[in-house]
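All the letters of the sequence shown, read from the start, carry residue numbers 2 to 143 under this note's numbering.
Built from N, CA and C at the ideal position, the CB exists for glycine as well.
What follows is one structure encoded as structure tokens, with my remarks underneath.
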Amino acid sequence: MFKSLLLSILEILSLKNVFNKINNCHNTEDFKKLAKSKLPSPIFHYIDGGADDEITLRRNTEAYEQCDLVPNVLAGVEEIDLSTTVMGQKIDMPLFCSPTAAQRLFHHDGERAVSKTAQKFGTMFGISSLGTVGLGKNWKYN
2 MFKSLLLSIL EILSLKNVFN KINNCHNTED FKKLAKSKLP SPIFHYIDGG
52 ADDEITLRRN TEAYEQCDLV PNVLAGVEEI DLSTTVMGQK IDMPLFCSPT
102 AAQRLFHHDG ERAVSKTAQK FGTMFGISSL GTVGLGKNWK YN
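Dropping the structure here:
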């Protein structure tokens with residue numbers, strides 16, 4: 002499902018030529034290498050970094066490193082329901098599109114493009130206080 006979300010974002014960003022290379026991405030490091038090869042250096046480094054001293058980035062990375070994904074454990078599972086409830090809002094999968102400033106650096110529709118993708122996949126989207134599209138314009142997708 003994560004690959005589908007990423008492919009949808011790439012489609013919105015008009016990076017369809019990247020689709021074939023996505024199939025060769027099996028972990029976050031593979032996605033990072035692909036992004037670095039396709040994006041202008043300042044934009045890649047903006048996305049790749051974290052705010053201030055990158056403390057949250059380091060802590061999030063450490064938390065994910067504690068999770069082991071074991072292939073084929075759920076083999077044969079017919080239906081998988083990732084839905085959950087967050088603050089009373091039912092979402093289809095437990096992913097949240099985090100607030101990122103200056104999203105028009107990455108796409109001409111900025112936050113609207115991510116809002117539309119989050120809605121398509123039934124999840125939430127946060128708007129940065131340094132967003133490039135007004136809040137009212139984002140709500141047309143929700």
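Quick one: give me the first and last residue of the alpha helix (DSSP H) that residue i is part of.
i: residue 86; result: Unbroken run through residue 86 is the beta strand (DSSP E), 85-87; no alpha helix (DSSP H).
i: residue 112; result: 112-121
i: residue 149; result: With the chain covering 2 to 143 only, the question about residue 149 has no answer from this structure.
Who are residue i's beta bridge partners in DSSP?
i: residue 92; result: 85
i: residue 98; result: 126
Find the nearest neighbour of residue i within the set the options, judged by alpha-carbon distance.
i: residue 98; options: 122, 77, 78, 89; result: 122
i: residue 133; options: 27, 42, 103; result: 103
i: residue 86; options: 95, 80, 78, 79; result: 95
i: residue 112; options: 135, 34, 81; result: 135
i: residue 43; options: 106, 84, 118; result: 106
i: residue 29; options: 66, 40, 39, 109; result: 66
i: residue 70; options: 27, 31, 39; result: 27
i: residue 100; options: 77, 124, 131; result: 131
i: residue 120; options: 57, 91, 34; result: 91
i: residue 88; options: 49, 125, 23, 48; result: 125
Look at the Cβ atom of residue i, then the Cβ atom of residue j, and state whether they are nearer than 8 Å.
i: residue 52; j: residue 45; result: no
i: residue 49; j: residue 33; result: yes
Continuous beta strand (DSSP E) assignments of at least 3 residues falling wholly in the segment 45-70: Counting whole runs of 3 or more residues, the segment 45-70 contains no beta strand (DSSP E) stretch at all.
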